[in-house]
Amino acid sequence: MTAPDSEKFIRALEEDDRDSLLSCRKSDLHSHAGKGCRREWLESRLKRPLSEPPVSFDGLGGMQAWFTGMIKSACPDFSGNILRWEGAFAEAGRNHLSRLVLIFGTSDITGAGGMDSFSGLLQSFNRKYCPDTVLEPELTFMSSCDPLEEATQAEEYFASGFFRSIDVCGGEGIQPAEAFLPLYRKAEQYGLVKRMHVGETGSPDDMERALDTLGLDEIHHGISAASSPRLMRILADRKIRLNVCPASNIMLGIVSSYASHPVKTLFENEVPVTINTDDLLIFGSSVENEYRQLYRAGTLTAAQLDEIRIQGFG
Numbered sequence: 085m086t087a088p089d090s091e092k093f094i095r096a097l098e099e100d101d102r103d104s105l106l107s108c109r110k111s112d113l114h115s116h117a118g119k120g121c122r123r124e125w126l127e128s129r130l131k132r133p134l135s136e137p138p139v140s141f142d143g144l145g146g147m148q149a150w151f152t153g154m155i156k157s158a159c160p161d162f163s164g165n166i167l168r169w170e171g172a173f174a175e176a177g178r179n180h181l182s183r184l185v186l187i188f189g190t191s192d193i194t195g196a197g198g199m200d201s202f203s204g205l206l207q208s209f210n211r212k213y214c215p216d217t218v219l220e221p222e223l224t225f226m227s228s229c230d231p232l233e234e235a236t237q238a239e240e241y242f243a244s245g246f247f248r249s250i251d252v253c254g255g256e257g258i259q260p261a262e263a264f265l266p267l268y269r270k271a272e273q274y275g276l277v278k279r280m281h282v283g284e285t286g287s288p289d290d291m292e293r294a295l296d297t298l299g300l301d302e303i304h305h306g307i308s309a310a311s312s313p314r315l316m317r318i319l320a321d322r323k324i325r326l327n328v329c330p331a332s333n334i335m336l337g338i339v340s341s342y343a344s345h346p347v348k349t350l351f352e353n354e355v356p357v358t359i360n361t362d363d364l365l366i367f368g369s370s371v372e373n374e375y376r377q378l379y380r381a382g383t384l385t386a387a388q389l390d391e392i393r394i395q396g397f398g
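In terms of the numbering used here, the sequence shown opens at residue 85 and continues consecutively.
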């Protein structure tokens, strides 16, 4: 499988040419918008230094506590959210992203003043920083939400045609997959791609249940599938893509290192995977660096990583 930039991308990895690596087309299909900018970019806009994250976090709760205390406190009102969204688009331009899936919650829409002003703001950032990037906004819901109530309220947002996909995040095992059927059925009516954060800390059985119950098209994280040959075969046969985030997995203590990351097992078992940032502002590893770290660790070859890069264009 080859694509524009393949030779350049492979050579950049092999020669550790970071500028060349940056200039190759890539994608980021798993980026939470309010945490999607580089710390250096935000520091330059705030004109003040920000605290560096710890080497690891005490789970999702520890991560969120650090983010609230160290980052949101530096840009505390909703204008701080908008500034960080802007930085996510600046990063898309810096990293030459062909596709960008930015994940938002319903409170982001209301905070921006409604659907029209929200979509207009994002489109203006898209034009300013990365006009060649295809923006694919995703609407996410917390795993602790009331899915029936959210499905009713979210119909306006689904019907707008602005959002391309639906997601649920915020921790696994809080409610069974069946609880989210009202949301996913409503999203289906409007042709949204169905994604979910699952298989990050949960089991392969949890993943398979969500996959079958909700009819998922893709999965955010999903790395627990690497421990189940059966599930990997299902994912490969159905071409269910996993949008994995190595730095996130490592800093949250789910995976010990790049060298041991299960993306290798998933790739070798023909499961479609992409490499993404999750929360760049927190984990500090941009897309090109994620490829670089996986190559330097010997996890995958440059040619294999190029195949994964190309997977992100489809």
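Think of the CB as a built atom: it goes at the ideal place given N, C-alpha and C, for glycine as much as any other residue.
Reduced DSSP secondary structure (H/G/I, E/B, other) of residue i
{"i": "Asn179", "result": "coil"}
{"i": "Ser128", "result": "helix"}
{"i": "Phe141", "result": "coil"}
{"i": "Ala198", "result": "The amino acid occupying residue 198 in the given sequence is Gly; Ala does not appear at that position. Here Gly198 sits in coil by DSSP."}
{"i": "Asp192", "result": "helix"}
{"i": "Ser208", "result": "helix"}
{"i": "Asp103", "result": "helix"}
{"i": "Ser203", "result": "helix"}
{"i": "Ser115", "result": "strand"}
{"i": "Leu134", "result": "coil"}
{"i": "Ile94", "result": "helix"}
{"i": "Leu186", "result": "strand"}
{"i": "Met85", "result": "Caution applies to Met85, whose pLDDT of 45 falls short of 50 and renders its modelled position unreliable; the model cannot decide the point."}
Top-ranked residue by Cα proximity to residue i, from the options
{"i": "Arg129", "options": "Arg279, Arg322, Gly171", "result": "Gly171"}
{"i": "Ser135", "options": "Ser201, Leu144, Gly153", "result": "Gly153"}
{"i": "His116", "options": "Gly398, His304, Cys108", "result": "His304"}
{"i": "Asp161", "options": "Gly118, Val185, Pro133", "result": "Gly118"}
{"i": "Leu399", "options": "Phe188, Tyr375, Trp125, Lys131", "result": "Outside the modelled stretch of the chain, which goes from 85 to 398, sits residue 399, for which no answer is possible."}
{"i": "Ile324", "options": "Met335, Pro330, Ile307", "result": "Ile307"}
{"i": "Gly164", "options": "Ala271, Ser208, Ala196, Phe246", "result": "Ala196"}
{"i": "Pro138", "options": "Leu336, Arg393, Asp296", "result": "Leu336"}
{"i": "Ala261", "options": "Thr285, Glu292, Asp101", "result": "Glu292"}
{"i": "Leu206", "options": "Phe246, Gln237, Thr190", "result": "Phe246"}
{"i": "Gln388", "options": "Glu352, Gly368, Phe367", "result": "Glu352"}
{"i": "Gln273", "options": "Thr285, Ala235, Gly143", "result": "Ala235"}
{"i": "Val328", "options": "Leu113, Ser341, Arg102, Asp101", "result": "Leu113"}
{"i": "Thr194", "options": "Met147, Asn210, Gln237, Arg211", "result": "Gln237"}
{"i": "Leu144", "options": "Glu256, Glu124, Gly368", "result": "Glu256"}
{"i": "Ile155", "options": "Asn210, Gly368, Val357, Val282", "result": "Gly368"}
Same chain only: Cβ atoms within 7 Å of residue i, ignoring 5 sequence neighbours per side
{"i": "Ser370", "result": "Arg122, Glu175, Asn179, Thr361, Leu364"}
{"i": "Val355", "result": "Ala309, Met316, Leu319, Ala320, Leu326"}
{"i": "Ile258", "result": "Ser227, Ser228"}
{"i": "Met280", "result": "Asp251, Val252, Ala294, Leu298, Leu300, Ile303, His304"}
{"i": "Lys92", "result": "Ser104, Cys108"}
{"i": "Gly254", "result": "Met226, Ser227, Ser228"}
{"i": "Glu127", "result": "Pro133, Leu134"}
{"i": "Phe141", "result": "Met147, Trp150, Met335, Leu336"}
6 Å Cβ shell around residue i - same chain, five flanking residues per side excluded
{"i": "Ala310", "result": "Pro346, Thr349, Leu350"}
{"i": "Asp192", "result": "none"}
{"i": "Asn333", "result": "Val339"}
{"i": "Ser312", "result": "Pro288"}
{"i": "Tyr213", "result": "Phe173, Ala174, Gly177"}
{"i": "Thr217", "result": "Ala176, Leu181, Leu184"}
Sub-8 Å separation of residue i and residue j beta-carbons
{"i": "Arg168", "j": "Gly204", "result": "no"}
{"i": "Ser111", "j": "Ser182", "result": "yes"}
{"i": "Tyr241", "j": "Leu223", "result": "yes"}
{"i": "Ala68", "j": "Ile94", "result": "Nothing in the structure corresponds to residue 68, since the chain is present only between 85 and 398."}
{"i": "Pro221", "j": "Leu186", "result": "yes"}
{"i": "Ser201", "j": "Asp390", "result": "no"}
{"i": "Pro231", "j": "Phe264", "result": "yes"}
{"i": "Ser157", "j": "Met199", "result": "no"}
{"i": "Glu239", "j": "Lys270", "result": "yes"}
{"i": "Ile359", "j": "Ala87", "result": "no"}
{"i": "Ile366", "j": "Phe173", "result": "no"}
{"i": "Leu399", "j": "Leu219", "result": "Absent from the structure is residue 399, since the part of the chain shown begins at 85 and ends at 398."}
{"i": "Arg102", "j": "Glu372", "result": "yes"}
Sequence-distant residues of its chain with Cβ nearer than 8 Å to residue i (five each side left out)
{"i": "Leu384", "result": "Val347, Lys348, Phe351, Leu378, Ile392"}
{"i": "Tyr342", "result": "Pro330, Ile334, Gln377, Leu378, Arg380, Ala381, Thr383"}
{"i": "Gly286", "result": "Glu256, Gly257, Ser308"}
4 or more residues per run - each alpha helix (DSSP H) lying fully within the region 286–337:
288–298, 313–322, 330–335
Enumerate, from N- to C-terminal direction, the unbroken beta strand (DSSP E) stretches of 3 or more residues contained entirely within the region 337–391.
357–359
Unbroken beta strand (DSSP E) runs of length 3 or more, entirely within the region 214–265: which are they?
222–226, 249–253
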